[in-house]
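The structure appears below as structure tokens.
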Amino acid sequence: SVGIDFTFHNTENVYGIPEHASSFSLKTTVGKTDPYRLYNLDVFEYELDQTMALYGSVPFMLAQRKDGKTVGLFFLNASEMWIDIQHFSELSIPKVETHWFSESGVLDFFVLTGPTPKDVMSQYAKLTGLPQLPPTFSIAYHQCRWNYRDQEDVATVDSKFDENDIPYDVIWLDIEHTDGKRYFTWDVTKFPDSTKMIDSIAAKGRKMVTIVDPHIKQDSHYRLYDSASSGDLLVKNSDSNSEFQGSCWPGNSVYPDFSSPRVRQWWADQFQLDKYRGSTLDLFTWNDMNEPSVFNFPEVTMPKDARHNGGSCGSDLALSSLPYSSRSTPPSSPFCKDLEALGDKHPFEHRDVHNMYGFWLHQATFTGLILRDPNHNQRPFVLSRAFFAGSQRYGAIWTGDNGAEWSHLAAAQPMLLSLSVAGISFCGADVGGFFGNPDAELMERWYQAGAFHPFFRGHAHLDSKRREPYLFPEKTTNIIRSALRQRYSLLPLWYTLFHEASVSGVSPMRPLWFEFPSETKTFSIEDQFLVGSDLLVKPITTSNTFSTNVYFPGSEKWFELDTWTVVDPASLPPSRYQKVDAPAERIPVFQRGGSIVPRRERPRRSSQAMINDPFTLLVALDSKASAKGELYLDDGVSFDAQTKKFFHQRLFSFSDGKLVSSTIHKSEEYKDLSQLERIVVLGLTSRPSSVSVVDPRTGETRVLETQLGPNNSLIVKKPNVFVTDDWTISFSF
Amino acid sequence: AGVTMMTRLWLVALVSLLCIQSLLASPLGVHPNEAGKYSGDSFKCGAVSIKSSQINDNYCDCADGSDEPGTNACANSKFWCVNRGYIGKYVFSSFVNDGICDCCDGSDETNGPKACENTCMSVGSAHRKKMYEDLKRFREGAAIKQKWIEYAKENRGTGGVSIQAEKEAVELLNQQHEALKTQVDNLKDALKKARKLIEEADKAKERIDDNSDSNGFEFDDEDDGDKDDAEKELSLQDRFSIFQEAHGKTPQELVDEHNRLKRERDDLRSKLNDAEGKLKSAEKLQALNFGPDDAYFYLYEKTFELRHPQYTYTLRPFSEVKQAHTTIGEYEGWSDDTFTTQLYKRGQRCWGIGERETSVKYECGSETKIIAIDEPSPCVYAMTVETPAACNIEAIHKVLQELGLSEEKLKEEFEKTNGLFNWVW
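Read top to bottom, the protein sequences are chains Z and R.
All residue numbers for the first sequence refer to this note's numbering, where the first residue is -1 and numbers rise by one.
All residue numbers for the second sequence refer to this note's numbering, where the first residue is 4 and numbers rise by one.
Encoded structure:
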């Protein structure tokens, strides 16, 4: 075992080192509890407010100093790790002492000097890789359940969403869809024609996901087992010779040795459409149980003396020929070089790499989904439960098997903030709670919160009652529909933020101190968060609650997103907390004065159906009557934006009575036909006498109709200019 | 006559022209009944008045969405598909111009990413064909249902017997039973008296003869077969003389009579039990609701099975549903007053979930059979049953009426098109 201590001076708050069902700002453990433990485990019905290990591990910590500067600390080590923390807040210069110890490996530490939180995130992304730019459908709403029983059930759920005018993008199949938990197969009595099923879902612009777990049923008649066993691709027992056998969903199972590039290549190959029979390019993947979960061994995982045969952390041969790989692969670290040096010849113990097992599976699946497309030009979507530093390169992560409890809804905020600051930017918690039966009110509040989480999926346990949004009383269904529509209307913002993450490493879901790093009062806030820099969100996480106290950071106004009510910083008490209404149908969300948020406000049944829909710009002015915002647009599905620069990036800025659309990047090859249908300006002090636009395509000047909206808002109707054009809209007073 | 004919033709033409005009005047997505609202120079929604040029201009001006019936600009408006040849319907505005064909006439996708073919003719033909077949099936089913209704008229409320008659029968049996019981009891008393005499004689005899004959007489003086001192030994001659003195009958004759009457009494008691059970089930039956005209009465106390790959499911309507030997619901009642779905609750418990329950949905068919079983949630089952009892011919007539059709018209079209219904509107 190796260990080292780090002390953060002038610091009261440290964050990160997910995954724990614990507070966002990490607590003192010395003399109080077990240290924070990082050891990927399949934990049944996990408890809250614990330092115990969960499904994933990122040994990355951030310290937010009292002077507003941020420091990052990354320990690249994939063995079991413990981190003890002690706060010394009463000192004149407070400090936080941290004690790191891992079971094996070397002390491979990186100190990231910031100085801003976003700088630290970018520095961390240079080490571990940038987040994938997710395909558009994957940032919309996902409908999952263990299990949609058969093809008819899938068709019924799909049409019920339509009958109730509720949008969704992806329907999921859990383990029961397989032939006896043999992944890459179908239970043909329930899914006789999966291709037809996927095609009919895809015909509505939607997608499907099936689960593919890493354990392989030990069955000599199962092609995958036969191929893995005869190809010598499996994790071995401590004798380095016999196949390691454990028990999982299918019963006796074996586990591919994903530490080896050769095994990852083989795994990726299983996703070829002619190998994964009954799959299509509209089917994506969910990797579960990849801690790995082994039912019949201590702590429900692989014994530490199981043997692996050679590995590498980074580039895979399969990916190295693709232009995209250069964007996603981090430079090799000493740890990775050590692994690579071992090669195939020197087996090493599972204890050395335990926390990376799930990461490698995620990576191999991601690679497989790229390679199955003959053009290698379809962005994958893969959800994984286990993760490690760098998993952001391969897709989404969720917080595993939570419960249908208000406390679990509340815990989602600190858990997702911890993941987000540790680079796992595409993260979410099962909406409704996995175990148990949520009542209507919990469902309403969870959907409202989930609509502002990066990954947004409703999921439910096999034994729970059906809970698709249309099964509730009308009031609840209406509230859920509104929450979903809110998510869909803000997809342009989300996509712009995911793009920002994919080039800068800064996650879309942010703690308040990310944007207000010198505002020390924000350092302990974990029940509010920001979406990007402009939306302040405070989910309601207790029952029968119709108002709440919100902390308003910064010196600018905030505008309530539904009613456009203004919160003026000048009228706030010194605490900067103000009570706001939160009726059942509303989650408190506020847009920052000084921002412009692009929206698509026409309800649609899926994100695909919104492609050419017109935009609304919600312009929230600051005290200088100015604002700005960005919009990123590409085809949402291919790598063309990254490899060929087929994308549009727009800057919208409002100042001196002019709203200007200017080009950050333009593409002739990718055409976007969306127009601007509406501008809403919040925070104007007087009504303009006229608003006009010079149409850039015709040269004609058009006077635009305006209308006063609630709370001194001004609505400008039908500018009808293309959002990807340069134009100026003038407001005369 | 020629002029009249001409006038008629002219009128037909005029009417057609008016129809076409009103169709033209009706903006895209507006139901014909609403067309009037959209005909003026301005349009009103709530307190707001807008120019008619703002109707369907792809910008939402009205809070109720009524200014954009033919676009997707308003979140809460509805689009009317005319679907000529099939059935007109509303679709959500969110479905308009989204590249997915929702109206068979393609009218929801006139300005979207993808044009839709007009499939109303084939959809309409297929629908009429199905209506025709449904009608045939419903007719067959309804004929059987009529028989069932008559059967129920004769037997319903009685379960084969009238409650009044059954009550009277029970009363009569009760009286007979009481009478016999009295006779048996009287005989028993007589025998007891006799026994006393025997005992006295016995005591007298004891002094003379210590050894006694083991052969005694027996009578079954109690239901539970309790025997007592009556078996005390006495010389046969002594016993006979004592008995004959008292009753004019031999003891054996008396015992035989007692036992005979007791058997008769026991027979009566079991008849009484049967009659009471019958009355009880008749009363239960009277409380059950077998739907309009008691059409479902015919299914009462019958058993239906479905062999599924995993289990055999058994339905006993108005009683219980089973999955193999597991009860997945006991009859609770109809789910509403349309009499199409029954609820069966309080089945065996499922671990971690609760009691199993089943809903049984009845559909029209010419014979009664379980056609599907489903488990939408764990331990919650949904069964679909075809039965003549569910054949509601009025429902079909209503659909036909909406289509502007009648049973006769449908038959006529069937014959004209050789059963294909493939004509052009």
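Glycine included, every Cβ here is placed at the ideal spot set by N, Cα and C.
Minimum C-alpha distance to residue i - residue among the options
{"i": "residue 374 of chain R", "options": "R:114, R:185, R:311", "result": "R:311"}
{"i": "residue 257 of chain Z", "options": "Z:163, Z:708, Z:354, Z:292", "result": "Z:354"}
{"i": "residue -1 of chain Z", "options": "Z:105, Z:695, Z:84, Z:208", "result": "Z:105"}
{"i": "residue 377 of chain Z", "options": "Z:63, Z:690, Z:632", "result": "Z:632"}
{"i": "residue 614 of chain Z", "options": "Z:572, Z:506, Z:599", "result": "Z:599"}
{"i": "residue 608 of chain Z", "options": "Z:471, Z:288, Z:178, Z:166", "result": "Z:166"}
{"i": "residue 604 of chain Z", "options": "Z:65, Z:202, Z:357, Z:117", "result": "Z:202"}
{"i": "residue 515 of chain Z", "options": "Z:484, Z:526, Z:505, Z:552", "result": "Z:552"}
{"i": "residue 115 of chain R", "options": "Z:182, Z:663, Z:618, Z:611", "result": "Z:611"}
{"i": "residue 355 of chain R", "options": "R:106, R:382, R:406", "result": "R:382"}
{"i": "residue 356 of chain Z", "options": "Z:347, Z:254, Z:183", "result": "Z:254"}
{"i": "residue 150 of chain R", "options": "R:137, R:82, R:300", "result": "R:300"}
{"i": "residue 260 of chain Z", "options": "Z:666, Z:306, Z:676", "result": "Z:306"}
{"i": "residue 65 of chain Z", "options": "Z:85, Z:184, Z:115", "result": "Z:115"}
{"i": "residue 88 of chain Z", "options": "Z:560, Z:140, Z:8", "result": "Z:8"}
{"i": "residue 101 of chain Z", "options": "Z:700, Z:456, Z:347, Z:547", "result": "Z:347"}
{"i": "residue 360 of chain Z", "options": "Z:387, Z:371, Z:659", "result": "Z:387"}
{"i": "residue 525 of chain Z", "options": "Z:469, Z:538, Z:532, Z:519", "result": "Z:538"}
Cross-strand partners of residue i (DSSP beta bridge)
{"i": "residue 98 of chain Z", "result": "Z:2, Z:81"}
{"i": "residue 232 of chain Z", "result": "Z:254"}
{"i": "residue 577 of chain Z", "result": "Z:547"}
{"i": "residue 139 of chain Z", "result": "Z:454"}
{"i": "residue 209 of chain Z", "result": "Z:284"}
{"i": "residue 692 of chain Z", "result": "Z:699"}
{"i": "residue 11 of chain Z", "result": "Z:62"}
Own chain partners of residue i with C-beta closer than 7 Å, once the 5 adjacent residues on each side are dropped
{"i": "residue 187 of chain Z", "result": "none"}
{"i": "residue 49 of chain Z", "result": "18, 20, 27, 31, 32, 33, 34, 35"}
{"i": "residue 122 of chain Z", "result": "58, 70, 72, 110, 421, 503"}
{"i": "residue 62 of chain R", "result": "76"}
{"i": "residue 218 of chain R", "result": "Residue placement at residue 218 of chain R is poorly supported in this model, since its pLDDT is 46, which falls under 50; the coordinates still yield a value, given next. Correct list: empty, nothing qualifies."}
{"i": "residue 335 of chain R", "result": "346, 347, 348"}
Spatial neighbours of residue i in its chain, beta-carbon cut-off 8 Å, leaving aside the 5 residues before and after
{"i": "residue 59 of chain R", "result": "30, 31, 32, 70, 71, 72, 73, 74"}
{"i": "residue 321 of chain Z", "result": "A caution first: residue 321 of chain Z carries a pLDDT of 41, below 50, which makes its placement in the model unreliable, though a value can still be read off. Cβ within range, chain order: 637, 640, 641."}
{"i": "residue 369 of chain Z", "result": "266, 267, 269, 270, 316"}
Beta-carbon proximity list for residue i, same chain, < 6 Å, skipping 5 on both sides
{"i": "residue 465 of chain Z", "result": "430, 458"}
{"i": "residue 713 of chain Z", "result": "678, 705, 707"}
{"i": "residue 231 of chain R", "result": "Low confidence applies here, because residue 231 of chain R scores a pLDDT of 47, under 50, leaving its location unreliable and the question unanswered by this model."}
{"i": "residue 266 of chain R", "result": "none"}
{"i": "residue 460 of chain Z", "result": "144"}
{"i": "residue 721 of chain Z", "result": "613, 672, 674"}
{"i": "residue 93 of chain R", "result": "81, 83"}
{"i": "residue 84 of chain Z", "result": "26, 28, 95"}
Check: residue i C-beta below 8 Å from any heavy atom of the ligand HEM
{"i": "residue 9 of chain Z", "result": "Ligands in the displayed structure: none, and consequently the ligand HEM is not present."}
Discussion item. Any C-beta of chain Z within less than 7 Å: which residues of the segment 59 to 73 of chain R qualify?
Written reply: 62
Worksheet item: According to a CB-to-CB cut-off of less than 7 Å, which residues of the segment 77 to 106 of chain Z neighbour chain R?
Response: none
Worksheet entry | Near-chain R residues of the segment 181 to 215 of chain Z - C-beta to any C-beta below 9 Å | 187, 201, 202, 203
Discussion item. Please identify, using Cβ separations under 9 Å, the residues of the segment 599 to 618 of chain Z that lie next to chain R, in order along the chain.
Written reply: 599, 600, 601, 602, 603, 604, 606, 607, 608, 609, 610, 611, 612
Item to complete: Would you list, in chain order, the members of the segment 304 to 333 of chain R that have their beta-carbon closer than 9 Å to a beta-carbon of chain Z?
Response: 312
Practice prompt. Identify every run of the alpha helix (DSSP H) within the segment 255 to 279 of chain Z, keeping only runs that are complete inside it and at least 4 residues long; order them along the chain.
Written response: 259 to 267
Worksheet item: Name the residues in the segment 461 to 477 of chain Z whose C-beta lies less than 7 Å from a C-beta of chain R; which are they?
Response: 461, 463, 464
Fill in: Proximal residues, the segment 153 to 176 of chain Z versus chain R, C-beta separation under 7 Å
163
Worksheet item: Of all the beta strand (DSSP E) runs that stay within the bounds of the segment 30 to 69 of chain R, which reach a length of 3 or more residues?
Response: 45 to 48, 51 to 54
Fill in: Continuous beta strand (DSSP E) assignments of at least 3 residues falling wholly in the segment 248 to 297 of chain R
none
Discussion item. Any C-beta of chain R within less than 7 Å: which residues of the segment 655 to 682 of chain Z qualify?
Written reply: 675
Discussion item. Please identify, using Cβ separations under 7 Å, the residues of the segment 345 to 377 of chain R that lie next to chain Z, in order along the chain.
Written reply: 355, 356
Discussion item. At a CB distance below 7 Å, what residues from the segment 712 to 725 of chain Z approach chain R? Give them in sequence order.
Written reply: 715, 716
Worksheet item: For the segment 135 to 154 of chain R, which residues have a CB atom closer than 9 Å to at least one CB atom of chain Z, in sequence order?
Response: none
Discussion item. Just to confirm the assignment: which complete beta strand (DSSP E) runs, minimum length 3, are found wholly within the segment 287 to 373 of chain R?
Written reply: 307 to 310, 315 to 319, 323 to 326, 329 to 337, 344 to 348, 360 to 367
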